[in-house]
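Asker: These protein sequence lines map, in sequence, to chains A and B. Residues are numbered in my numbering as their position in the first sequence, beginning at 1, plus a constant of 74. Residues are numbered in my numbering as their position in the second sequence, beginning at 1, plus a constant of 55.
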Amino acid sequence: MYVELRHIHKSFDAVRAARDVSFGVDKGALAALLGPSGSGKTTILRMIAGLQNPDYGDILIDGLRVNDMPPSRRGIGFVFQNYALFRYMTVFDNIAFGLEVRKIPRAAVRDRVSELLALIGLEGFERRYPAQLSGGQKQRVAFARALAPNPSLLLLDEPFAAVDAKVRRELRLWLREMVGRLGVTSIFVTHDQDEAVEAADTIIVTNQGVVEQLGRPAELYKDPATPFVAGFIGDSTPLDDVTALKGFEGEAAPGAVRPEFIRILPPGEVGQYPNCLEEAVVEGILFRGAWLEVRLAVGGISLPARYPLEDPPLTVGDAVRVMIYRLYAFVGERVILRQNAGLRGMNSDYAYSI
Amino acid sequence: MASRLALGMGPNPSQASSPESPPHQGGVGAISGMKAGVSDHKGSSDEECGRSLPFRPGEAAPRRERGARGNPWVNGPLIAVSLAFILIMLIAPLAVVLVEAFSAGVSVYLDAVSDEYALRALVLTLKAASLAIAVNTLFGLTAAWAVTRYAFKGKSLLITVIDIPFSVSPVIAGLIFILTFGRMSWLHPWLDAFGISIVFDTPGIILATIFVTMPFVARELIPTLEARGTDEEQAAALMGAGFLTIFRRVTLPHIRWALIYGVILCSARALGEFGAVSVVSGRLRGKTNTLPLHVEILYNEYKFTAAFAVASLLATAALFILAARVAVEWRSRRAGGEDSGHVR
Ligand SMILES: Nc1ncnc2c1ncn2[C@@H]1O[C@H](COP(=O)(O)OP(=O)(O)O)[C@@H](O)[C@H]1O
Ligand SMILES: [Mg+2]
Chain A
75 MYVELRHIHK SFDAVRAARD VSFGVDKGAL AALLGPSGSG KTTILRMIAG LQNPDYGDIL
135 IDGLRVNDMP PSRRGIGFVF QNYALFRYMT VFDNIAFGLE VRKIPRAAVR DRVSELLALI
195 GLEGFERRYP AQLSGGQKQR VAFARALAPN PSLLLLDEPF AAVDAKVRRE LRLWLREMVG
255 RLGVTSIFVT HDQDEAVEAA DTIIVTNQGV VEQLGRPAEL YKDPATPFVA GFIGDSTPLD
315 DVTALKGFEG EAAPGAVRPE FIRILPPGEV GQYPNCLEEA VVEGILFRGA WLEVRLAVGG
375 ISLPARYPLE DPPLTVGDAV RVMIYRLYAF VGERVILRQN AGLRGMNSDY AYSI
Chain B
56 MASRLALGMG PNPSQASSPE SPPHQGGVGA ISGMKAGVSD HKGSSDEECG RSLPFRPGEA
116 APRRERGARG NPWVNGPLIA VSLAFILIML IAPLAVVLVE AFSAGVSVYL DAVSDEYALR
176 ALVLTLKAAS LAIAVNTLFG LTAAWAVTRY AFKGKSLLIT VIDIPFSVSP VIAGLIFILT
236 FGRMSWLHPW LDAFGISIVF DTPGIILATI FVTMPFVARE LIPTLEARGT DEEQAAALMG
296 AGFLTIFRRV TLPHIRWALI YGVILCSARA LGEFGAVSVV SGRLRGKTNT LPLHVEILYN
356 EYKFTAAFAV ASLLATAALF ILAARVAVEW RSRRAGGEDS GHVR
């Protein structure tokens, strides 16, 4: 564990921004703090940096308790939301700043800045001011500025939020590659699950100041630990009562279902398990590139499902039969994956492969 | 509102309200308005920050164009009325001062200006003004820093208190000092014992000048600092920069023009202050007379030419200050256009 938080609490007046937050990030890992807006991600990041102090709890960096250590001594590079580049300094001076305050000789500063400019692919931009850069370029300069003094921990607050969607995707792959190449332990904050899934090794899901779950992206996806995670990750649709759906009769419980748990039988296909098929009506069809997103009315419930482009075409208003293979049922704070009863005895691998 | 529009040329019109139109809650309102602005675009990029802020000088241009396309039958008379008003109220009096000053010839003018009492008044005025500028620059920086960088109890009270000199009549301000340090005050015996005299002496004049010019710098700086947020300073601190480095390299470049502008307004008022200084001065000729007081004395003694000659010194200073102000406004607007990322 390079960074460790132990039972951190932080309140702003009545708002409890962090409640008993505990987690660790391994050396060299790229971790994402993922959660909806206001869930306490920024507060956690700022406490690690020392820009805010926890009310209770310990923060350890490299095995050392840093609660009382000033931010500048924690060996941290911080990329602010909106970058906070020094707007009256050139790109060169921005990147050089952290080195200059350390009284590093000028020649060494110049070498280091050139090296970083090459790393971020902005050679020749030394004399520009931040206002003369695009969003993506600013992001890279902020990244270089944070990296200049060779921090052992890099913290990034919503690093991609202020750039447009296309650049964002490019940048997160770039960040992933860069962090991998430099081997610096990094934690970034995001509210976008795609961003977290695509860039991070480990995701820490926060909600209302609480850490809901920590794990690899695939783990969070397959085994959500709490109803919140089950609902937040993936395009989940909440269900008031899962027993309203065919094949899930039994103890009533709220739950959630994902589009990929549902299969629409092409018109004309009989289906092998007629007693676990739901009758549905096509409410809407959206072209999503590789597949169609079909909105279904199943009983009184509206569910999104996917439909392959190769299958016989559907139109709005069609009556179709659908198979719901599985769904999540929430029992208290636990999440239980329930299989369709009609499939019992069937090869469960088959169910997963759909 | 009217004063905002009238002074719309300034980098911060709401802050530039003249003492003649006491801004009441204006300062506080403007500050909290800025606050709302800041939190609004917390999530937007730098450029957007600059654009969405109120009173951005660059915005004036498109508005003026739209006006110019309006009805010429309305525009013509409006422009004529404004010009006539400016001519009668501002330019004519200034011209009269200069004409009267030289009406008896250049040598009389020079005599009047180099008169011993006039020179002493000039020295005293410069002394009081430079001290007021120095003190209020320091105070303005400190207060603006405290108000915008820290959360503390009584913060909004402090913001209100800073404005008191603008809302109190200068004569009352002078009286405050007489009551605090004069013969009636319980401080007086104590001050007397140490041989300190404040009222009817130079210290009183300096104190009164400091008092009436106190808000200028702070009121220019507070909205500027407020609008800018603390991220850059935090970033610098996180990299290990000390207070002075942060101030010099990160904060100062941003507030430079606001600071200069505040100092200019402060100087103008310090040189010209009459009311408060008049009350504490006691008008001991050659001792506690400032230039504006000296002008009045000469005038009351029917030495009109001399009065106008001395007044012309103040008028000239005012013109220079005006020129400096225009230059700063022009420069800060240009800076605002160039590095668009910031407020002005
Ligand atoms: N400086 C502050 N003062 C008061 N409340 C704050 C402050 N910072 C954050 N909060 C509150 O704490 C909660 C968590 O905020 P934050 O950590 O910024 O969330 P996130 O980054 O996940 O959007 C929010 O309700 C927010 O309003
Ligand atoms: Mg945040």
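Just so it is clear, CB atoms sit at the ideal spot from N, CA and C, and this is done for glycine as well.
Assuming contact is defined by CB atoms lying nearer than 8 Å, are Phe266 of chain B and Ala228 of chain B in contact in what I supplied?
Answerer: On the second sequence, residue 266 of chain B is found 211 positions in, with the first residue counted as 1. On the second sequence, residue 228 of chain B is found 173 positions in, with the first residue counted as 1. Yes, they are a contact pair.
Asker: How long is the line joining the alpha carbons of Tyr399 of chain A and Phe322 of chain A, rounded to whole angstroms?
Answerer: On the first sequence, residue 399 of chain A is found 325 positions in, with the first residue counted as 1. On the first sequence, residue 322 of chain A is found 248 positions in, with the first residue counted as 1. Each residue's alpha carbon lies about 10 Å from the other.
Asker: Glu325 of chain A to Thr116 of chain A, Cα distance in whole Å?
Answerer: As a first step, residue 325 of chain A is located in the first sequence; it is residue number 251 there, counting from the start. As a first step, residue 116 of chain A is located in the first sequence; it is residue number 42 there, counting from the start. Going from the Cα of Glu325 of chain A to the Cα of Thr116 of chain A covers about 40 Å.
Asker: Using a C-beta to C-beta distance shorter than 7 Å, which residues of chain B count as neighbours of Phe154 of chain A?
Answerer: The residue labelled residue 154 of chain A in the question sits at position 80 within the first sequence. Correct list: Asp286, Ala290.
Asker: Scan the stretch 295-312 of chain B for residues whose Cβ lies nearer than 8 Å to a Cβ of chain A and list them as they occur along the chain.
Answerer: Taking 8 Å as the Cβ-Cβ cut-off against chain A, the residues of the stretch 295-312 of chain B that qualify are Gly295, Ala296, Gly297, Thr300, Arg304, Val305, Pro308, His309.
Asker: Do you know offhand how far Pro328 of chain A's Cα is from Gln206 of chain A's?
Answerer: For the purposes of this step, residue 328 of chain A is taken as the residue at position 254 of the first sequence. For the purposes of this step, residue 206 of chain A is taken as the residue at position 132 of the first sequence. Approximately 52 Å, taken between the alpha carbons.
Asker: List the whole-angstrom C-beta distance separating Thr264 of chain B from Glu328 of chain B, where the pair is believed to meet the contact cut-off of C-beta under 8 Å.
Answerer: Working through the second sequence from its first residue, we reach residue 264 of chain B at position 209. Working through the second sequence from its first residue, we reach residue 328 of chain B at position 273. Yes, they are in contact, since the Cβ atoms of Thr264 of chain B and Glu328 of chain B sit about 6 Å apart, within 8 Å.
Asker: For the beta strand (DSSP E) that Gln413 of chain A lies in, which residues bound it at each end?
Answerer: Within the first sequence, numbered from 1, the residue matching residue 413 of chain A stands at position 339. 408-413 is the span of the beta strand (DSSP E), which, as asked, contains Gln413 of chain A.
Asker: The beta strand (DSSP E) that contains Trp365 of chain A, what's its start and end?
Answerer: In the first sequence, counting from the first residue as 1, residue 365 of chain A sits at position 291. Looking at the DSSP string, the run of the beta strand (DSSP E) that includes Trp365 of chain A is 365-372.
Asker: Which one or two residues does DSSP pair with Arg380 of chain A in a beta bridge?
Answerer: Along the first sequence, one-based indexing puts residue 380 of chain A at 306. Arg380 of chain A pairs with A:Arg337, A:Glu367.
Asker: Are there any heavy atoms of ligand 1 lying less than 7 Å away from the beta-carbon of Val89 of chain A, as far as the coordinates show?
Answerer: Position 15 of the first sequence, counted from the first residue, corresponds to residue 89 of chain A. For ligand 1, at least one heavy atom lies less than 7 Å from the Cβ of Val89 of chain A.
Asker: Mapping the DSSP letters down to three states, classify Lys177 of chain A as helix, strand or coil.
Answerer: Here residue 177 of chain A refers to the residue found at position 103 when the first sequence is read from its first residue. Coil, per DSSP.
Asker: Unbroken alpha helix (DSSP H) runs of length 4 or more, entirely within the stretch 259-320 of chain A: which are they?
Answerer: Listed in chain order, they are 267-273, 291-296, 301-306.
Asker: Thinking C-alpha only, which one of A:Leu227, A:Gln267, A:Phe404 is nearest Gly254 of chain A?
Answerer: The residue labelled residue 254 of chain A in the question sits at position 180 within the first sequence. Considering only alpha carbons, the answer is A:Leu227.
Asker: Could you give the C-beta distance for Ala273 of chain A and Arg246 of chain A, rounded to a whole number, given that I count them as a contact under 8 Å?
Answerer: To locate residue 273 of chain A, count along the first sequence from 1; it is residue 199. To locate residue 246 of chain A, count along the first sequence from 1; it is residue 172. The pair is a contact, with the Cβ atoms about 4 Å apart (cut-off 8 Å).
Asker: When you compare only the Cα positions, how much space is there between Leu366 of chain A and Arg290 of chain A?
Answerer: Residue numbering aside, residue 366 of chain A sits at position 292 when the first sequence is read from its first letter. Residue numbering aside, residue 290 of chain A sits at position 216 when the first sequence is read from its first letter. Taking the straight line joining both Cα atoms gives about 28 Å.
Asker: Enumerate, from N- to C-terminal direction, the unbroken beta strand (DSSP E) stretches of 3 or more residues contained entirely within the stretch 147-171 of chain A.
Answerer: 150-153, all fully within the stretch 147-171 of chain A.
Asker: Measure the Cβ-Cβ separation of Asp309 of chain A and Arg332 of chain A and say whether it is below 8 Å.
Answerer: The residue given as residue 309 of chain A occupies position 235 in the first sequence. The residue given as residue 332 of chain A occupies position 258 in the first sequence. A contact, by the Cβ cut-off of 8 Å.
Asker: Name the DSSP beta bridge partners of Ile398 of chain A, please?
Answerer: The residue labelled residue 398 of chain A in the question sits at position 324 within the first sequence. Bridge partners of Ile398 of chain A: A:Ile336.
Asker: Secondary structure at Phe361 of chain A, three-state DSSP: helix, strand or coil?
Answerer: Within the first sequence, the letter at position 287 stands for residue 361 of chain A. Of the three classes helix, strand and coil, the one that applies to Phe361 of chain A here is strand, per DSSP.
Asker: Just checking my contact of Thr343 of chain B with Thr257 of chain B at CB under 8 Å: how many whole Å lie between their CB atoms?
Answerer: Your numbering for residue 343 of chain B matches position 288 in the second sequence. Your numbering for residue 257 of chain B matches position 202 in the second sequence. At roughly 7 Å, the Cβ-Cβ gap stays under 8 Å, so Thr343 of chain B and Thr257 of chain B are in contact.
Asker: For Thr180 of chain B, count the other beta carbons within 10 Å of its own beta carbon; 16 or more makes it buried, fewer makes it exposed. Which is it?
Answerer: For the purposes of this step, residue 180 of chain B is taken as residue 125 along the second sequence, with counting starting at 1. Buried.
Asker: Quick one: does Ala123 of chain A have its CB under 8 Å from some CB of chain B?
Answerer: One-based indexing of the first sequence puts residue 123 of chain A at position 49. By this cut-off, Ala123 of chain A is an interface position.
Asker: With 8 Å set as the bound, which would you pick, yes or no: does the beta-carbon of Gly363 of chain A sit closer than that to a beta-carbon of chain B?
Answerer: As a first step, residue 363 of chain A must be located in the first sequence, where it is residue number 289. Closer than 8 Å: no.
Asker: How long is the line joining the alpha carbons of Phe298 of chain B and Leu320 of chain B, rounded to whole angstroms?
Answerer: Counted from its first residue, the second sequence places residue 298 of chain B at position 243. Counted from its first residue, the second sequence places residue 320 of chain B at position 265. Each residue's alpha carbon lies about 28 Å from the other.
Asker: Check the Cβ of Leu262 of chain B against every Cβ in chain A and list those closer than 9 Å, keeping chain order.
Answerer: The residue labelled residue 262 of chain B in the question sits at position 207 within the second sequence. Ordered by position in chain A, no residue passes the 9 Å Cβ test against Leu262 of chain B, which lies about 37 Å from the chain.
Asker: Since Ala325 of chain B and Ala273 of chain B should fall inside the 8 Å C-beta cutoff, what is the C-beta to C-beta distance between them, to a whole number of angstroms?
Answerer: Along the second sequence, read from residue 1 onward, the residue named residue 325 of chain B stands at position 270. Along the second sequence, read from residue 1 onward, the residue named residue 273 of chain B stands at position 218. At roughly 15 Å, the Cβ-Cβ gap does not stay under 8 Å, so Ala325 of chain B and Ala273 of chain B are not in contact.
Asker: As a quick exercise: from B:Lys182, B:Pro127, B:Gly237, pick the residue whose alpha carbon is nearest that of Gly337 of chain B.
Answerer: In the second sequence, the residue the question calls residue 337 of chain B occupies position 282. Cα-wise, what sits closest to Gly337 of chain B is B:Gly237.
Asker: Output the distance between the C-alpha atoms of Asp87 of chain A and Glu293 of chain A, rounded to the nearest integer angstrom.
Answerer: By 1-based counting over the first sequence, the position of residue 87 of chain A is 13. By 1-based counting over the first sequence, the position of residue 293 of chain A is 219. One C-alpha to the other measures close to 35 Å.
Asker: Checking contacts by CB at 8 Å: is Pro128 of chain A closer than that to chain B?
Answerer: Within the first sequence, the letter at position 54 stands for residue 128 of chain A. So no, Pro128 of chain A is outside the interface.
Asker: Where does Arg186 of chain A fall in DSSP's three states?
Answerer: In the first sequence, counting from the first residue as 1, residue 186 of chain A sits at position 112. Looking at Arg186 of chain A - three-state DSSP - the assignment turns out to be helix.
Asker: Run the proximity test for Lys84 of chain A: is its beta-carbon closer than 7 Å to any non-hydrogen atom belonging to ligand 2?
Answerer: Looking up residue 84 of chain A in the first sequence gives position 10. For ligand 2, not one heavy atom lies less than 7 Å from the Cβ of Lys84 of chain A.
Asker: Starting from Ile82 of chain A and walking both ways along the beta strand (DSSP E), at which residues does that stretch end?
Answerer: Here residue 82 of chain A corresponds to residue number 8 of the first sequence, with the count starting at 1. Run containing Ile82 of chain A: 77-86, per the beta strand (DSSP E) assignment.
Asker: Taking just the CA atoms, how far does Phe302 of chain A sit from Gly406 of chain A?
Answerer: Here residue 406 of chain A corresponds to residue number 332 of the first sequence, with the count starting at 1. Here residue 302 of chain A corresponds to residue number 228 of the first sequence, with the count starting at 1. Those two C-alpha atoms are separated by around 12 Å.
Asker: Using a Cβ-Cβ cut-off of 6 Å (strictly less than) and excluding sequence neighbours within five positions of Val258 of chain A, which residues of its own chain qualify?
Answerer: Translated into the one-based positions of the first sequence, residue 258 of chain A becomes position 184. Excluding positions up to five away in sequence, the list reads Leu228.
Asker: Regarding Lys115 of chain A and ligand 1, is the C-beta to nearest heavy atom distance less than 7 Å?
Answerer: Start at 1 with the first residue of the first sequence, and residue 115 of chain A comes out as number 41. Lys115 of chain A Cβ: within cutoff of ligand 1.
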